[in-house]
Amino acid sequence: MLRRVGGHYVVVEDEPAAAEAALAIALSDARAAERETGDEAVLREWTTERQMGRLLTALHA
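Below you can see the structure in the form of structure tokens.
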């Protein structure tokens, strides 16, 4: 989910070295500070209101 919305660094390996490498990349990535973070359309789809609306629709179907 975080990769899809953008602007996040995701560490999937359970190794300290992987986390350290991701942190180093995040800290040195000058582009991260210059670009907008996140896809607002995707974030809106993940709001509680939209998710609960879908759940209610599914339950009443």
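In terms of my numbering, the sequence shown opens at residue -7 and continues consecutively. Cβ atoms here follow ideal geometry from the backbone N, Cα and C, with glycine treated the same way.
Between residue i and residue j, what straight-line distance do the alpha-carbon atoms span, to the nearest angstrom?
{"i": "Glu5", "j": "Leu47", "result": "32 Å"}
{"i": "Gly45", "j": "Glu7", "result": "39 Å"}
{"i": "Glu41", "j": "Leu(-6)", "result": "19 Å"}
{"i": "Arg77", "j": "Ala18", "result": "Residue 77 is absent from the structure shown; the chain starts at -7 and stops at 53."}
Under 7 Å Cβ to Cβ from residue i, same chain only, skipping five residues before and after it: list those, please.
{"i": "Arg(-4)", "result": "Val34"}
{"i": "Glu32", "result": "none"}
What does a CB cutoff of less than 6 Å around residue i pick up in its chain, not counting 5 residues either side in sequence?
{"i": "Ala11", "result": "Val3"}
{"i": "Thr49", "result": "none"}
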